[in-house]
Amino acid sequence: MQKSKVILIKGKKLLSDNQLNRRIILLMLQKALSLLYECNDFRDALIQLFRPSDRVGIKINTIAGRRLSTNPLISLSLANLLTQIGIREENIVIWDRTNEELRRAGYRLNYGRRGIKIFGTDTRGINYEYELTIHKNIGSRLSKIQSKLVNKSISLAILKDHGIAGLTGVMKNYFGAIHNPNKYHDSNCNPYVAELYEIDLIKNKNKLSILDGIIVQYHRGPSYHAEWAEKCGCFILSTDPVAADFIGWQFIEKLRKKRGLPTLEEERRKPYYLFTAEKMGLGKASLDEIQLIEYEV
């Protein structure tokens, strides 16, 4: 059985005086895509995932404020790469739950007909579906951005610890695409993260999963706590969301061990939903089934 490929890419000069280097961001994303598909040109990788006619949503995470949210330079750089395979700017939307959270994270909203769209589900005329989507233990109204506005999706998530689930990653990022995520935090969010992701309008649309590990909150997440945040300057990228999250979990455990913290299992916060997702056939949650490639630019 073929292993799931996960790319962990680091940038040597990504951060300077706490400012991100856009050129290095682009190089990291380009190289990660090339490694993922074993090609020389990142465009050859992207055309295996997207077509010029696609309407692509980049689901980001802005709930924790500017210090621990998807930086606009990263999401806009990713959108720029999509335009290089012919996807029109106006067919790309960078989005999250609310416009206010996007503004606090440093985004300039764009609802217009031109340029890359940036707005939240609470935008007038968007909102959530009126009808519930019901799937196993899930009963939620999906954001119309995810259900109707886009036909392909990228989960661009922040890699961070979560006080209940253990890990916030690319799958749990879609908790920001429903109206009632507060209903799904029992039992370490298991099986809810996996079951939400399994909904066709999410699973079938999500083509690329990226964990932003520029700054990793490895304890006391999901909110920002400087004492437990480390500048790691990396991205974790895969077409397998479960494998991406599994490697992200291992990354967090290494940081916790380095600081003398208990494992997530010892704190009864092991991300069990990853193993549930694997059993559901959503991806791989075992080092034996993952091909991890590490690279530095």
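Residue numbers for the sequence shown follow this note's numbering, beginning at 833 and rising by one. The beta-carbon is built from N, C-alpha and C at its ideal position, and this holds for glycine as well.
inquiry  = Run through the DSSP bridge pairs and tell me what LYS837 is partnered with.
reply    = GLN1123
inquiry  = Considering only their Cβ atoms, is the gap separating ALA989 from ASN1005 smaller than 8 Å?
reply    = yes
key: Alpha-carbon to alpha-carbon, GLY1065 and ALA1009   = So the two alpha carbons sit approximately 27 Å from each other.
request  = Just grab the DSSP bridge partners of ASN1038 for me.
outcome  = SER985
Whole-angstrom distance between LEU1028 and ASN969, CA atom to CA atom = 9 Å
Sub-8 Å separation of LEU999 and ILE1084 beta-carbons = yes
Touch test, the region 965–983 against the region 884–892, Cβ-Cβ under 8 Å, three pairs minimum = yes
ask   = ILE950 lies in the beta strand (DSSP E); which residues open and close that run?
value = DSSP places ILE950 in the uninterrupted beta strand (DSSP E) bounded by 949–952.
message = With DSSP as the reference, identify every bridge partner of TYR960, one or two as the case may be.
response = SER975
task = Just confirm the distance between the C-beta atoms of GLY1115 and PRO1073, as a whole number of angstroms; I'd bet it's less than 8 Å.
result = 6 Å
query = How long is the line joining the alpha carbons of ILE879 and GLY947, rounded to whole angstroms?
reply = 21 Å
task = Using a threshold of 8 Å, state whether the C-beta atoms of LEU1040 and ILE986 are closer than that.
result = Yes. Within cutoff.
query = Buried or exposed: where does GLN834 fall if 16 or more other Cβ atoms within 10 Å of its Cβ makes it buried?
reply = By the neighbour-count rule (16 or more Cβ atoms within 10 Å), GLN834 is not buried but exposed.
query = When the Cα of GLU963 is compared with those of LEU941, ARG855, GLY952, SER975, which residue comes out closest?
reply = SER975
task = Taking the CB atoms as reference points, tell me whether LYS863 and ILE856 lie closer together than 8 Å.
result = no
request  = Could you work out which residue in LEU868, THR1108, LEU861, ARG854 is closest to LYS837 when comparing CA atoms only?
outcome  = LEU868
query = What is the rounded straight-line gap between the Cα of GLY1045 and the Cα of LEU908?
reply = The straight-line gap from Cα to Cα measures roughly 17 Å.
ask   = Going straight from the alpha carbon of GLN1082 to that of TYR1016, what length do you get?
value = 23 Å
request  = Please classify VAL1074: does DSSP put it in a helix, a strand, or coil?
outcome  = helix
Secondary structure of CYS871, DSSP reduced to three states = coil
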